[in-house]
Structures are given as C-alpha cells and as structure tokens.
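Going by the working numbering, the sequence shown opens with residue 10, and the numbers climb by one from there.
We put the CB at the ideal spot given by N, CA and C, even for glycine.
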Amino acid sequence: MSDDFKPGLEGVIAFESKIAEPDKEGSALRYRGVDIEDLVGRVTFGNVWGLLVDDEFNPGLPPAEPFLIPVHTGDVRVDVQSAIAMLTPAWGLKPLLRYFR
C-alpha cells in the first residue's frame, strides 16, 4: 500500500466548473464570480438564470406568447383551463360547446 493513500475525498478535485465556485473555507458560493449573497433579494430569478446560462445578467428569451395570464390559483389544472378559456378568442378559436343542457 502506498504512503500517498488518503481516505475520503478531502483534497480531491471531483470536477471543474466555471458556473459555481465555493470558497476554500466552504462558507460562501459564487456564480460566475458573483457572490450569491450579493444576488439574494436584489436580482430577479430570470437575471440570475441569465448569469448562469449566458454569463451575463439578462432575462433570456422573451415570453413565447405576448399574453399575460392573470390566473394563478396554485392549481395547475385550474390555471391552464382558465388561461385556455381566456386566450381562445385571441387565438381566433371558437368554443367547442355553445350550450349546456
């Protein structure tokens, strides 16, 4: 057995990343060189995502649709159903059912 053997992973580099970097003491974390403490509560999620993915503060792609959906109940099924009902006329679609009996 070699004298170089050290149990555990202390001192072993598991991977390298340019995105996230902990400090040597393990008490702080930086995203692309920016301390996360400077981001929390000051920078939007979209801008942090831009920093992580594109290496710059930006919200990324614009919304796929220009419509804001004001329905946010927390129940995805209800939100989607309400949003479709609101957007259907804007998309030029007609109701599937006109009358209930």
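On the CB-based measure, 16 or more other CB atoms within 10 Å of its CB, does residue i come out buried or exposed?
i	result
residue 61	exposed
With residue i and residue j assumed to form a contact (beta carbons below 8 Å), what rounded beta-carbon distance in angstroms separates them?
i	j	result
residue 56	residue 68	6 Å
residue 88	residue 82	6 Å
On the DSSP letters alone, give me the boundaries of the alpha helix (DSSP H) that residue i sits inside.
i	result
residue 86	85 to 96
residue 67	Run containing residue 67: none; DSSP gives neither H nor E here.
residue 45	45 to 48
Mind checking which residues open and close the beta strand (DSSP E) that includes residue i?
i	result
residue 30	29 to 31
residue 38	38 to 40
For residue i, collect the residues of the same chain with a Cβ closer than 6 Å to its Cβ; drop the 5 residues on either side in sequence, then sort them by chain order.
i	result
residue 92	78 and 80
Distance, Cα to Cα, residue i vs residue j?
i	j	result
residue 32	residue 95	49 Å
residue 20	residue 54	33 Å
residue 26	residue 48	19 Å
residue 23	residue 65	26 Å
residue 104	residue 86	19 Å
Beta-carbon within less than 7 Å of residue i's beta-carbon, same chain only, minus the 5 sequence neighbours each way: which residues are those?
i	result
residue 28	40, 41 and 61
residue 44	37
Going by beta carbon distance, what residues of the same chain come within less than 8 Å of residue i, once the five residues before and after it are set aside?
i	result
residue 46	37
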